[in-house]
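For the sequence shown, position 29 matches number 28 in numbering that gives the first Met the number 0, and the numbering has no gaps at all.
So the structure is just underneath, and the comments pick up after that.
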Amino acid sequence: MEPTLVYEAIKNKLVDVITGYTTDKRGELFDLVVLEDDKGGLLPYDAIIITQTSFASDQKVVSVLKKLEGKIDDKAMADMNYQYDVEKKEARDIAKTFLISQGLIQNK
Numbered sequence: 000m001e002p003t004l005v006y007e008a009i010k011n012k013l014v015d016v017i018t019g020y021t022t023d024k025r026g027e028l029f030d031l032v033v034l035e036d037d038k039g040g041l042l043p044y045d046a047i048i049i050t051q052t053s054f055a056s057d058q059k060v061v062s063v064l065k066k067l068e069g070k071i072d073d074k075a076m077a078d079m080n081y082q083y084d085v086e087k088k089e090a091r092d093i094a095k096t097f098l099i100s101q102g103l104i105q106n107k
């Protein structure tokens with residue numbers, strides 16, 4: 000089910016339990032409790048960089064993208080997702096603010 004519909008379903012008491020992502024802060028809006036996966040049944044959901052072959056062969060592009068490695072932890076991703084999903088900010092603006100905060104680009 001599409002994530003927005005999942006949250007609408009629990010908000011409207013159509014379901015009692017939903018699945019979600021640790022990088023999705025919308026659960027906080029509905030006072031949901033995140034259950035611990037003490038059995039390790041759920042696999043990690045790590046972000047990776049995916050690009051077209053033409054970009055992957057360009058070492059300049061690859062070196063720029065590698066600067067992102069280790070910069071986007073769960074909290075940063077959750078904050079950016081919240082800005083997009085709840086605050087309805089533009090993805091371009093969210094990304095720019097993040098890159099500036101990490102010192103990867105300058106504010107122009």
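The beta carbon of each residue, even a glycine, is placed where N, CA and C say it ideally should be.
Under the rule that a run must span 3 or more residues, no beta strand (DSSP E) segment is found entirely inside the stretch 41-68. DSSP places TYR20 outside any alpha helix (DSSP H), giving it a letter other than H or E. Straight through space, the alpha carbons of SER56 and THR50 are spaced by roughly 10 Å. With respect to the 9 Å criterion, VAL32 and GLY19 are not classified as neighbours on the basis of their beta carbons. Here ARG25 is buried. Its C-beta has 16 or more other C-beta atoms within 10 Å.
Apart from the 5 residues on each side of it in sequence, MET76 sits with its Cβ closer than 7 Å to the Cβ of THR22, ALA46 in its chain, given in chain order. Only exposed fits PHE29, as fewer than 16 other CB atoms lie within 10 angstroms of its CB. The alpha-carbon separation between GLU27 and VAL16 amounts to approximately 14 Å.
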